[in-house]
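Residue numbers (this note's numbering): -1 to 178.
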């Protein structure tokens, strides 16, 4: 989808190469991250290099120097925030996540600061939703594994309650019989 969206977002210009290359890299990174929980440098670094080069060519050809400056500044800010997040919560962010955040900062920052903020926020929100869905799935799995045991305990409790009611009814009937 990102490959197809790149020309629509940037048009026929050098920056399109950066967006399309990132789209292809994102597909590879997603697959590797799902399988191995890693974001390999040999995918992230070339994507960053192509991104910087394509945006620099775009600036030289079309005069988009302010956008290039903003992109580099946004990459530095995103990378810095990722580094701080990794230092604060080492188990939450890995080194690959920080580098990818810098790359995203470069590309989203080229478009604008508001796009960078929206993109980073969307990433965190989607990550939180994914974590929430994972927790819910674990709860449902645990509940389904415990269901047969709970069903047995419930049936036994109901049988005990019914037996106690029968005993009380018999005592009441016996007491009424003896009173006559």
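Cβ coordinates follow ideal geometry from the N, Cα and C atoms, glycine included.
The model shown is predicted, which means the values in this text are computed figures rather than measured ones.
- Here residue 130 is not near residue 46, since their CB atoms are 8 Å or more apart.
- Judged by DSSP in its simplified three-state form, residue 62 adopts coil rather than helix or strand.
- The three-state secondary structure of residue 99, taken from DSSP, is helix.
- In the three-state reduction of the DSSP assignment, residue 90 falls in the coil class, being assigned neither a helical nor a strand state.
- Cβ-Cβ distances below 8 Å link residue 74 to 100, 103 in the same chain, with the five nearest sequence neighbours on each side left out; the list follows chain order.
- Excluding residues up to 5 positions away in sequence, 77, 80, 81, 84 lie with their Cβ nearer than 7 Å to the Cβ of residue 96 in the same chain.
- A Cβ-Cβ distance of about 13 Å is found for the pair residue 10 and residue 55, leaving them out of contact under the 8 Å criterion.
- Under the DSSP assignment, residue 34 falls in the alpha helix (DSSP H) whose first and last residues are 13 to 34.
- Contact check for residue 108 against residue 71 fails: the beta carbons are separated by 8 Å or more.
- In this structure, residue 59 lies away from residue 41, with their beta-carbon atoms at least 8 Å apart.
- Taking 8 Å as the cut-off, the Cβ atoms of residue 49 and residue 91 do not count as close.
- Close CB contacts of residue 16 within its chain, under the 7 Å cut and outside five residues either way in sequence, are with 48, 49, 52, 53, 105 (chain order).
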